[in-house]
Every structure is written in structure tokens, then in C-alpha cells.
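K.L.:
Here the sequence shown stands for residues 78 to 827, where the numbers follow the numbering used here. Pasting in a structure now, in C-alpha cells, and then I'll have a few things to ask.
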Amino acid sequence: MSRFNPHREFSPIYSAAAKWKNRSLLADDSILSSDENLWSLVHLDELDQRFVKNLDAGEGDFLSKLKVQLSEGSPDCRRLMAECLWLLLLFPSNIGAAKKRENVREIYSWSGEELDATHPLLDNMVLEGIGSAGTAYNTHRWRELVFLIGALRDFKRYDAAARKEIVSDPLVFSGWLSGLPEARQRQLIHILSHLLFPDSFERVSSEGDKRRILAGFGDTPEREIRKWSTTEIDRTLLDLRRRLEEEHGAEFDFYEEAFEAQWKTQTKNWLLSWNPSKWTWDTLAFDRATTITGEKADNRWRCGSSKPREGDRVFLMRTGTAPKGVVAVGKVTRAPYEAAHWDETRKEAGDTTRFIDVAFDAIRDATSDPIVTLEELERLESGQEWNPQSSGIEIKSKSARTLERLWKALSLITGSSAVTDEIAAVMKPTRPAGEALNLILYGPPGTGKTYRLMNDYLPDYQEQAADRFEFITFHQSYAYEDFVEGIRPVTEKGVITYEVRPGVLKRLCERARRSPDKRFALFIDEINRGNIAKIFGELISLVEVDKRIVTDSSGKRVPGCKGLEVTLPYSGERFGVPTNVDVIGTMNTADRSIALLDSALRRRFRFDELTPKPELLGTVEDGAGGTIDLRQLLGALNARLSRLLHRDQTLGHSYLYKVKSFAQLRRVFAREILPFLQEAFYDDWRQIRLVLADQTVGEEFQIVRAHTQRADLLFPMADPNEIGGGEVFEIVREDDITPDAIRKIYEMPE
Numbered sequence: 078m079s080r081f082n083p084h085r086e087f088s089p090i091y092s093a094a095a096k097w098k099n100r101s102l103l104a105d106d107s108i109l110s111s112d113e114n115l116w117s118l119v120h121l122d123e124l125d126q127r128f129v130k131n132l133d134a135g136e137g138d139f140l141s142k143l144k145v146q147l148s149e150g151s152p153d154c155r156r157l158m159a160e161c162l163w164l165l166l167l168f169p170s171n172i173g174a175a176k177k178r179e180n181v182r183e184i185y186s187w188s189g190e191e192l193d194a195t196h197p198l199l200d201n202m203v204l205e206g207i208g209s210a211g212t213a214y215n216t217h218r219w220r221e222l223v224f225l226i227g228a229l230r231d232f233k234r235y236d237a238a239a240r241k242e243i244v245s246d247p248l249v250f251s252g253w254l255s256g257l258p259e260a261r262q263r264q265l266i267h268i269l270s271h272l273l274f275p276d277s278f279e280r281v282s283s284e285g286d287k288r289r290i291l292a293g294f295g296d297t298p299e300r301e302i303r304k305w306s307t308t309e310i311d312r313t314l315l316d317l318r319r320r321l322e323e324e325h326g327a328e329f330d331f332y333e334e335a336f337e338a339q340w341k342t343q344t345k346n347w348l349l350s351w352n353p354s355k356w357t358w359d360t361l362a363f364d365r366a367t368t369i370t371g372e373k374a375d376n377r378w379r380c381g382s383s384k385p386r387e388g389d390r391v392f393l394m395r396t397g398t399a400p401k402g403v404v405a406v407g408k409v410t411r412a413p414y415e416a417a418h419w420d421e422t423r424k425e426a427g428d429t430t431r432f433i434d435v436a437f438d439a440i441r442d443a444t445s446d447p448i449v450t451l452e453e454l455e456r457l458e459s460g461q462e463w464n465p466q467s468s469g470i471e472i473k474s475k476s477a478r479t480l481e482r483l484w485k486a487l488s489l490i491t492g493s494s495a496v497t498d499e500i501a502a503v504m505k506p507t508r509p510a511g512e513a514l515n516l517i518l519y520g521p522p523g524t525g526k527t528y529r530l531m532n533d534y535l536p537d538y539q540e541q542a543a544d545r546f547e548f549i550t551f552h553q554s555y556a557y558e559d560f561v562e563g564i565r566p567v568t569e570k571g572v573i574t575y576e577v578r579p580g581v582l583k584r585l586c587e588r589a590r591r592s593p594d595k596r597f598a599l600f601i602d603e604i605n606r607g608n609i610a611k612i613f614g615e616l617i618s619l620v621e622v623d624k625r626i627v628t629d630s631s632g633k634r635v636p637g638c639k640g641l642e643v644t645l646p647y648s649g650e651r652f653g654v655p656t657n658v659d660v661i662g663t664m665n666t667a668d669r670s671i672a673l674l675d676s677a678l679r680r681r682f683r684f685d686e687l688t689p690k691p692e693l694l695g696t697v698e699d700g701a702g703g704t705i706d707l708r709q710l711l712g713a714l715n716a717r718l719s720r721l722l723h724r725d726q727t728l729g730h731s732y733l734y735k736v737k738s739f740a741q742l743r744r745v746f747a748r749e750i751l752p753f754l755q756e757a758f759y760d761d762w763r764q765i766r767l768v769l770a771d772q773t774v775g776e777e778f779q780i781v782r783a784h785t786q787r788a789d790l791l792f793p794m795a796d797p798n799e800i801g802g803g804e805v806f807e808i809v810r811e812d813d814i815t816p817d818a819i820r821k822i823y824e825m826p827e
């Protein structure tokens with residue numbers, strides 16, 4: 078049934094809606110008091126006159142403006158508005174019950190009477206809400222009220238028999254409501270239909286979601302579904318529900334993760350395989366413990382398919398050795414790429430294979446934890462290949478939903494595994510000696526440049542005896558003397574002398590010359606923040622791949638080497654950069670565009686761009702029964718930043734990647750995202766407000782508020798025309814940032 082919800086029971090809300098239908102819709106009686114004829118056409122007409130035809134688009138919050146609009150209305154008019162708001166707030170769960178009760182009681186009090194806070198229809202169980210109605214439903218509440226009043230005025234013009242006929246059939250009711258002027262733009266046509274007929278209409282408050290559900294589970298594209306009427310959409314949804322309930326043999330909710338992934342995020346599901354007899358997962362205990370604490374365990378995994386994309390869901394099947402079954406779930410964080418083969422013998426032969434990067438959010442040890450067994454999957458979903466010979470096959474939608482349900486039904490793992498000295502991190506193999514690597518990872522802040530450097534490259538140069546790398550960060554004061562060599566003062570017995578000291582690159586190169594069979598690396602973070610010409614000097618030519626020198630184990634240049642050497646200015650030594658030294662840097666394009674980087678460096682390095690990947694993000698609970706979609710949030714912010722600034726000055730996904738709660742999201746917004754916007758726009762608060770969509774809503778839902786500053790009040794006796802007016806901007810306190818203030822960034826009003 079459409080009323081099914083796996084988490085909560087909503088019967089008190091549906092009972093309240095049914096009571097309103099009988100008392101106030103079919104009849105005219107009050108729902109919150111004993112007043113008769115409160116919902117009559119006469120009083121609705123007065124609301125139309127006082128509110129609908131007297132809209133206030135000025136500054137101020139909804140209630141303060143509403144109080145002025147109803148100031149000359151009758152007490153019955155004000156009580157009726159309180160009850161209209163009560164009805165409007167029955168559905169949304171992204172507004173707290175206490176706030177709903179407070180607003181309804183305040184409007185009711187304008188009639189001169191008080192509404193008891195313990196009224197049964199103001200109970201938390203009645204006002205807790207059924208589902209998120211989105212930001213626009215709250216920030217543009219007046220639009221829904223205008224439509225509600227107009228719809229009820231139309232309904233009340235019918236006689237009693239006609240009214241009863243309309244509400245006797247769900248699709249007739251939907252057809253009448255959706256046929257009214259402006260109905261297609263209002264969420265209330267979906268909300269009211271569900272409240273009154275919860276077994277016939279989905280718990281979905283927007284037509285957009287309904288279209289996406291039908292497109293995700295069917296063969297009709299969304300652009301075609303847009304041409305359907307509201308009634309056609311709802312009828313098809315009901316047929317879809319019946320089919321899916323028959324397939325799964327159980328009730329379900331379209332917002333459950335297994336179902337939502339198919340229509341909302343449009344992610345695909347992939348089955349990876351792991352055969353313990355062929356490859357030992359040395360970090361299994363460590364990774365398992367990591368996921369138990371709520372963190373993600375990052376791994377590289379073999380994948381035969383080239384089709385997985387960032388954000389897709391993966392399930393890991395343990396094969397070959399009993400017990401067999403699914404032992405881990407996660408998300409693709411890097412699309413397929415080629416790397417050295419996982420098998421040592423084939424790797425030494427120079428073979429490569431295809432991998433994907435995966436962030437596992439749950440890992441189980443099949444020898445000690447319950448898992449989803451291979452036998453159970455083959456019994457329930459026999460049409461799916463569950464024991465593949467290769468890793469990386471697509472899981473069909475229905476099979477993926479079954480697997481997701483079985484995985485969630487497993488008992489929780491508590492505690493944390495001890496990580497002993499025997500559990501060492503899997504070290505990536507050292508790159509064989511050969512052509513040098515000159516690489517710069519570049520992109521906007523937060524796209525994982527440093528993370529990629531630390532996890533994909535740095536481990537290649539680590540050993541227990543001694544690391545074969547140096548890690549530095551360029552800055553404005555970094556110079557040739559720090560990088561290559563320079564003169565440094567030395568005090569001995571009160572006498573100052575000057576010595577030539579090698580810089581970080583020269584020291585690394587001297588080590589590399591003596592070990593030509595091993596690779597060394599210089600990692601340079603924020604390479605574009607330094608003066609490249611000043612730091613590299615003549616070495617800008619020496620780092621070029623075909624200018625490198627080859628040495629023997631004693632550190633001497635081998636005969637016939639065509640590499641380039643120069644005479645250093647301070648020491649007078651001959652110096653060249655060995656071919657077994659890699660130079661890998663990162664570059665933040667928000668600080669300086671790649672086009673402005675020293676052209677000599679650009680010619681000598683390969684550049685790999687890392688871009689924001691919203692698809693790696695999920696949702697967080699907003700603390701009021703709703704959710705914040707981090708993927709849509711980042712996408713909307715970056716779309717506006719790209720338009721107003723440049724694609725290089727966008728926000729990377731790492732800003733939000735570890736956000737798990739609304740409190741964390743609010744903290745990131747106040748302490749990281751807002752400062753980034755201030756710097757990017759040079760404190761142009763008008764532009765910042767456009768990025769945050771603050772101009773689309775009233776002050777109570779804004780993050781950056783604008784106030785007019787009157788010159789005549791600031792400068793008495795001065796000519797205000799000469800000084801002119803102005804605006805002052807106020808950033809709301811971190812604790813005052815509401816879910817709707819953030820959600821409205823990506824949920825446009827219409």
C-alpha cells in the first residue's frame with residue numbers, strides 16, 4: 078500500500094485528515110473547535126478578500142505579514158486561517174511538530190481566543206509529518222495557501238451530493254483538484270490526495286519525483302511522462318506499485334535506499350569478486366574495523382568492465398573458498414583505469430589490468446560475521462549471475478533491490494577489531510626503473526589532489542628501512558636556495574662563516590644516483606603558489622624527461638648517457654637529475670589558473686585534471702524528519718560558481734564527503750564554504766547571495782541577509798542624495814542556519 082513506511086506509523090495523521098474530510102470538507106464545521114460553518118463559502122470568501130487579494134511581497138517573515146493582512150478580518154476569518162495552516166502542515170516532516178503547533182496557535186490567538194496546546198489534533202503524533210515537502214513548500218507557503226483557499230471555494234460551490242461524489246473516488250478527486258487553475262505548479266495537489274487517499278496515492282509531494290520514479294522503473298523517458306496528466310501519472314504509479322509488490326512479495330517505500338537508487342540517483346550496481354585462495358586481503362581486519370567506526374575503507378579493486386562510474390554501488394562477492402557470499406558494500410570513487418597487474422608474476426612481466434577505486438562503507442569477515450550467502454541469492458534471484466569468473470558484472474535492478482534488502486537485514490556488527498603488528502597495509506609495488514614521471518594533479522580545492530598524491534603515488538616510494546621521497550609545499554617565500562642549493566651562515570666560536578648547503582631536490586637526487594635500481598620522488602604540494610622560474614632556475618631544463626641522466630650504483634654517470642648536466646652557481650659542481658627521480662605536484666586552480674603557470678613548466682609536465690564529483694555524495698538527515706541532498710547541493714553551488722566566475726573556482730566534493738549530520742553540514746557551511754565564497758568574490762555579497770539563492774526567499778530562510786541603510790539616519794543634516802543609500806549584509810550565526818536555508822539552494826521555487 079502507498080501508506081506503507083518502513084520506519085514509522087502514520088495512522089494518527091491519516092485519521093486526522095479523514096476527520097477533516099468529514100467535518101470540514103464535506104460539511105463546514107471547524108476541525109479544532111466546536112464552531113459550525115467555519116469552513117463555509119462565506120468565510121472562505123473573506124479569506125480570499127483579506128489574504129489572496131491582499132498579498133504582501135515586502136520584507137518580513139510570513140507570520141508578521143499575515144497578521145497585517147488579516148488585521149481587519151473577522152475572528153472567524155482568523156480561526157479559519159489557523160485551521161488552513163494546520164491542514165497545510167499535516168504532511169511535511171521537515172518542519173518540527175513544536176513549530177507547527179506554535180504557528181497554528183499564534184494565528185488562532187489573533188481571533189481573541191486561545192487554542193489549547195494539548196488539543197488532540199495538535200499532538201506530536203499528528204504533527205510529526207509524513208514526508209519531506211521540500212523547501213519551496215515552506216519558503217513559499219503563501220502560494221500553497223492561495224491555491225488551497227481557491228480550491229475550497231470551488232469545492233464549496235457544489236451541492237452536498239456532488240461533493241460526496243468527488244471524494245468517493247480517489248482518481249475523480251485527483252482529477253478535480255489537478256484541473257483547477259495553477260494546480261500543476263502546486264505540491265498541495267499531491268499532498269492532499271495522499272492525505273485523504275493514502276492507499277491510492279504515493280507519499281510523494283512533487284510531480285518531478287513521480288515522473289522520475291516512473292522513468293526509473295519503466296521504459297518511458299521522463300520527457301514523455303511530462304506530457305501526461307496528473308491523473309495518468311498517479312494511475313500508472315499505482316499500477317507500478319502493485320507490480321513491484323508482487324515481484325518482491327512485500328510492501329515497500331520508494332524512498333528506501335534500494336528503490337531510491339534506481340530512480341533518484343540513477344546509479345548502477347556492480348558485483349565485484351574476491352577469491353581468498355588467489356589474493357590475500359591483508360588489510361581486511363583493519364578495513365573492517367574502519368567501517369565499524371562509521372568511516373569508509375578505501376581500496377583498489379580489479380574490475381573487468383569499463384562501464385562503472387563514480388557514485389555507482391558495488392557489492393563484493395567472496396568466491397572460491399567457503400563460506401561464499403557478499404561480504405562488503407560500497408561506492409565507486411574512481412572510474413576504471415589501467416595499473417600494474419595485481420599478480421606479482423604478471424606484474425614483473427609488465428602486465429597491467431583494469432581497476433576501480435572503491436570506498437567500502439561496510440565490510441564483514443565471512444569467517445566470523447553473518448553474510449548474504451551465495452546459496453540464498455541463487456535461490457531468490459536465479460536469473461542473476463552471482464558466482465562470476467570475472468570481477469565487475471552489472472547486477473540487474475530487481476536483483477540489486479533483493480540483495481540490498483538482505484544485506485540490511487543482517488545483524489549489526491559491534492565493537493572494533495584489534496589491528497595487530499601482523500596486519501600491515503598493502504604496499505603498492507615500486508614502479509620499475511624507466512622513463513621518469515613528471516606529473517601535476519590540478520583542479521579546484523577539495524577535489525582530492527593531495528589525497529590522490531598521498532594514496533596513489535606516495536606509497537610507491539615507501540620502505541621500512543627508509544622512504545625514497547621528499548614532500549614539500551611551495552609558497553611565496555620558497556626560493557632556489559631551498560630547492561637546489563644556497564649559501565647558509567654558520568656560527569662557530571663566535572665566528573660567522575658561510576657554507577654551501579644542498580636543497581631538497583639536490584639531496585634527493587644524490588640519494589637516487591646511488592640507487593639507480595629504485596625510484597625516488599619529490600612531491601610538491603601547491604606547486605603553483607611558488608615562483609617557478611625563481612625556484613627551479615636552470616633545473617627547469619634538467620627535469621625534462623629526455624634530459625635526465627643515468628647513473629651506476631656508485632652514483633657515477635654511465636658512459637654513453639645523453640642526459641644534460643649543468644654547473645651549479647654556488648658549489649660549482651656538475652649536476653643532473655637522475656632518470657629514476659619522479660616529480661609529482663598538485664595545483665589548486667582556484668588560486669591561479671593553469672593558463673598563468675610558467676610555460677616552461679607546462680611543457681615539461683603531464684597534467685591530470687581532478688574535477689568535483691557530486692556523484693560521490695549522498696544525503697544527510699536534517700534533524701526535522703527530512704533530508705539534505707549533498708549531491709544536488711554541490712551541483713547547484715558549482716553551476717552558479719561556474720557561471721559567475723570560472724569552472725576552476727568551484728567547490729570540490731571533499732568539502733562535503735565526510736559530512737554525516739546536519740550539524741556537521743552547518744559547520745562546514747559556516748567555517749569553510751562561506752569563507753571560500755568571500756575570497757572567491759572578494760566580499761561581493763550580492764554575488765554570494767546569488768550563489769546561495771538568498772534572493773528567492775524571505776529573510777527567515779536566508780543565510781546572508783541584506784538590509785537597506787538609510788543615509789539620512791547615519792548622517793543627520795547631510796544631503797542624503799549626495800551620500801546615497803546603501804546595503805549592509807549580515808551572515809546568520811552558524812546555529813541559526815536552518816535546513817530550509819540550505820535546501821533552497823538546490824530546490825528552486827518553481
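Virtual Cβ for every residue (Gly too), placed ideally from N, Cα, C. In this text, all values refer to a predicted model and were calculated from it rather than measured experimentally.
Does the separation of the CB atoms of L645 and K624 fall below 7 Å?
P.N.:
No.
K.L.:
Taking D231 as part of the alpha helix (DSSP H), name the residues at either end of that continuous run.
P.N.:
It spans 218-233 - the alpha helix (DSSP H) in which D231 sits, taken as one unbroken run.
K.L.:
Mind checking which residues open and close the alpha helix (DSSP H) that includes H784?
P.N.:
Run containing H784: none in the alpha helix (DSSP H); it sits in the beta strand (DSSP E), 781-786.
K.L.:
Starting from the C-beta of E462, find all residues in its chain whose C-beta is less than 7 Å away, skip the five residues before and the five after it, and write them out in chain order.
P.N.:
Excluding positions up to five away in sequence, the list reads I470.
K.L.:
Would you decide whether N180 is buried or exposed? Buried here means 16 or more other CB atoms lie within 10 Å of its CB.
P.N.:
Label assigned to N180: buried.
K.L.:
Does the Cβ of L791 have 16 or more other Cβ atoms within 10 Å, making it buried, or fewer, making it exposed?
P.N.:
It is exposed - the Cβ of L791 has fewer than 16 other Cβ atoms within 10 Å.
K.L.:
Determine the direct distance from the alpha carbon of R651 to that of D629, and round the result to whole angstroms.
P.N.:
Their Cα atoms are separated by approximately 16 Å.
K.L.:
Check F139 in the structure and name its three-state DSSP category.
P.N.:
DSSP places F139 in helix when its eight states are reduced to three.
K.L.:
If you reduce the DSSP assignment to three classes, tell me which class F546 lands in.
P.N.:
Strand at F546.
K.L.:
Helix, strand or coil for N376 per DSSP?
P.N.:
Reduced to three states, the DSSP call for N376 is strand.
K.L.:
Which of helix, strand or coil does DSSP assign to S354?
P.N.:
It is coil, neither helix nor strand.
K.L.:
Any contact of the segment 262-282 with the segment 161-180, i.e. 3+ C-beta pairs under 8 Å?
P.N.:
Yes: the two stretches touch, three or more of their Cβ pairs being nearer than 8 Å.
K.L.:
What separation, rounded to the nearest whole angstrom, lies between the Cα atoms of F684 and T524?
P.N.:
One C-alpha to the other measures close to 15 Å.
K.L.:
If you measure between the beta carbons of W347 and G293, is that distance less than 7 Å?
P.N.:
It is not a contact, given that the beta carbons lie outside the stated cut-off.
K.L.:
Below 8 Å on the Cβ atoms is my guess for A83 versus D330; work out the distance and round it to an integer in Å.
P.N.:
The question names Ala, but residue 83 in the sequence shown is Pro. Between D330 and P83 the Cβ distance is about 6 Å, and since that is below 8 Å, they are a contact.
K.L.:
Go ahead and pull the three-state DSSP assignment for Y91.
P.N.:
Y91 falls in the helix class under three-state DSSP.
K.L.:
Buried or exposed: V736, going by 16 or more other Cβ atoms within 10 Å of its Cβ?
P.N.:
Buried, because 16 or more other Cβ atoms sit within 10 Å of the Cβ of V736.
K.L.:
Hey, how far is the Cα of S117 from the Cα of K233?
P.N.:
Cα to Cα, the separation comes out at about 7 Å.
K.L.:
For L199 and E279, what's the separation of their Cα atoms in angstroms?
P.N.:
Rounded to the nearest angstrom, the two C-alpha atoms are 24 Å apart.
K.L.:
Can you tell me which of L454, L678, I490 puts its alpha carbon nearest to the alpha carbon of S476?
P.N.:
Of the listed residues, the one whose Cα sits closest to S476 is L454.
K.L.:
G227 to P197, Cα distance in whole Å?
P.N.:
So the two alpha carbons sit approximately 28 Å from each other.
K.L.:
With burial defined as no fewer than 16 other Cβ atoms inside 10 Å of the residue's Cβ, what is the status of H784: buried or exposed?
P.N.:
By the neighbour-count rule (16 or more Cβ atoms within 10 Å), H784 is not buried but exposed.
K.L.:
So, using beta-carbon positions, are F753 and K821 closer together than 7 Å?
P.N.:
Going by C-beta atoms, F753 is not nearer than 7 Å to K821.
K.L.:
Distance, Cα to Cα, I517 vs L585?
P.N.:
Approximately 19 Å, taken between the alpha carbons.
K.L.:
Is A405 near R386, with beta carbons less than 7 Å apart?
P.N.:
Cβ atoms of A405 and R386: not closer than 7 Å.
K.L.:
Answer with buried or exposed for L733, where buried requires no fewer than 16 other C-beta atoms within 10 angstroms of its C-beta.
P.N.:
With 16 or more other Cβ atoms within 10 Å, it is buried.
K.L.:
For T410, count neighbouring Cβ atoms within 10 angstroms of its own Cβ and tell me buried if that reaches 16, exposed if not.
P.N.:
Flag for T410 reads buried.
K.L.:
Count the other C-beta atoms from every protein chain shown that fall within 10 angstroms of the C-beta of P636, then say buried if there are 16 or more, exposed otherwise.
P.N.:
The residue is exposed, with fewer than 16 neighbouring Cβ atoms inside 10 Å.
K.L.:
Given T368, which residues of its chain have a CB within under 7 Å of its CB, disregarding the five upstream and five downstream residues?
P.N.:
If we look at T368 and ignore the five residues flanking it on each side, its Cβ neighbours are A374, F437, D438, A439, I440.
K.L.:
Assuming E824 and A213 are in contact, meaning their beta carbons sit under 8 Å apart, how far apart are those beta carbons, in whole angstroms?
P.N.:
Contact holds; Cβ gap of about 6 Å.
K.L.:
Quick one: is I573 buried, meaning 16 or more other Cβ sit within 10 Å of its Cβ, or exposed?
P.N.:
Classification for I573: exposed.
K.L.:
Could you spell out where the beta strand (DSSP E) holding L166 opens and where it closes?
P.N.:
Where L166 is concerned, there is no enclosing beta strand (DSSP E), given that its DSSP letter is neither H nor E.
K.L.:
N665: buried (16+ other C-beta within 10 angstroms of its C-beta) or exposed?
P.N.:
When all chains shown are included, N665 counts as buried.
K.L.:
Would you identify the three-state DSSP class for S494, choosing helix, strand or coil?
P.N.:
The predicted position of S494 is uncertain, since its pLDDT is 42 and thus under 50; a value taken from the coordinates is nonetheless stated next. In the structure shown, S494 sits in coil (DSSP, three-state: anything other than H, G, I, E or B).
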